[in-house]
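Residue numbers (the numbering used here): 18 to 211. The beta carbon of each residue, even a glycine, is placed where N, CA and C say it ideally should be.
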Ligand code: SF4
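Shown next as C-alpha cells:
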C-alpha cells in the first residue's frame, strides 16, 4: 500500500492507492447526490425568462447532472423558487416543499425570491425563508445565467460537504457578451453600446 492522501482531501474525494479507491459511505452518497439533482421549478414571475435561458443548451445544465425537471415535488430534491412570491402563493409553496422527500434543497432565484425585491407591500412575501428553509440565495433582478451557475455549484459544494448553512452567491462583475457589441461591462452599458 502507498501513502495515504493528506487529511484535508479525505473529506470529499476518494483516496486512490495502487489501483484501489476508498471512501466513506456517506461521502460516496453526498458525491452521488450532488451530481443527480432533480429540479422542481416553482416559477411565478419575470425571473422565469432567465430561468428558461439557463436551462437552454447554451448553458448545459446536464454537465452538473441537474438538467432533468420533475413536475411532481415527490420526485424532486431541488426546489428552484423563481420570482415574486405573494401571500396567496405562500401556502402553496409550503405545501410543495413539504411534499418533497428528504434530502432536499432550495434555491432562491433572484432578488424577489431572496428578500422580496422592490415589492415592499402587504401582498408580497419578503423572501421565501419566511416560509421554507433556503439553502442558496442568488441575487439579481433577474440574476445573470453565470450567477445562477455559481449558485448551483455553490449548492453542489454544500451537498458534498454536508454543510447546512445558507449561502449567498457573490454578484458577478465580469463583462457580459452582447451580440453585435462584444463584451460590455455592466453599469457602463449605455456608453459601451453607444
Ligand atoms: S427579481 Fe426582478 S426579474 Fe426577478 S421576479 Fe423579481 S422583479 Fe422580476
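Check, Outcome
"In this structure, does DSSP put residue 129 in helix, strand or coil?", "helix"
"What is the DSSP secondary structure of residue 90, reduced to helix, strand or coil?", "helix"
"Can you list, in chain order, the residues of its chain with a C-beta nearer than 7 Å to that of residue 106? Leave out the 5 residues immediately preceding and following it.", "61"
"My output table needs one value for residue 66: the three-state DSSP class, helix, strand or coil.", "helix"
"Using beta-carbon positions only, say whether residue 152 and residue 185 come within less than 8 Å of one another.", "no"
"Short of 6 Å in beta carbon distance, which residues of its chain neighbour residue 51, apart from the five on each side in sequence? Order them along the chain.", "173, 176 and 177"
"Quick check on this structure: which residue in 116, 89, 90 and 167 has the alpha carbon closest to the alpha carbon of residue 127?", "167"
"Do residue 93 and residue 63 have their CB atoms nearer than 8 Å?", "no"
"Which residue from 138, 80 and 118 puts its Cα closest to that of residue 89?", "118"
"Would you kindly work out how many angstroms separate the C-alpha atoms of residue 159 and residue 189, rounded to a whole number?", "12 Å"
"Please identify the residue among 42, 73 and 53 whose C-alpha is closest to the C-alpha of residue 162.", "73"
"Just the C-alpha distance for residue 199 and residue 142, rounded to the nearest angstrom, thanks.", "38 Å"
"What residues match up with residue 199 in a beta bridge as DSSP calls it?", "195"
"Using only the alpha-carbon positions, how far apart do residue 165 and residue 83 sit?", "12 Å"
"Excluding five sequence neighbours on each side, which residues of the same chain lie with their C-beta closer than 8 Å to the C-beta of residue 113?", "57, 59, 90 and 96"
"For a test of your reading of the model: does the CB of residue 107 fall under 7 Å from any non-hydrogen atom of the ligand SF4? Yes or no.", "no"
"What number of angstroms, rounded off, separates the C-alpha of residue 130 from the C-alpha of residue 36?", "47 Å"
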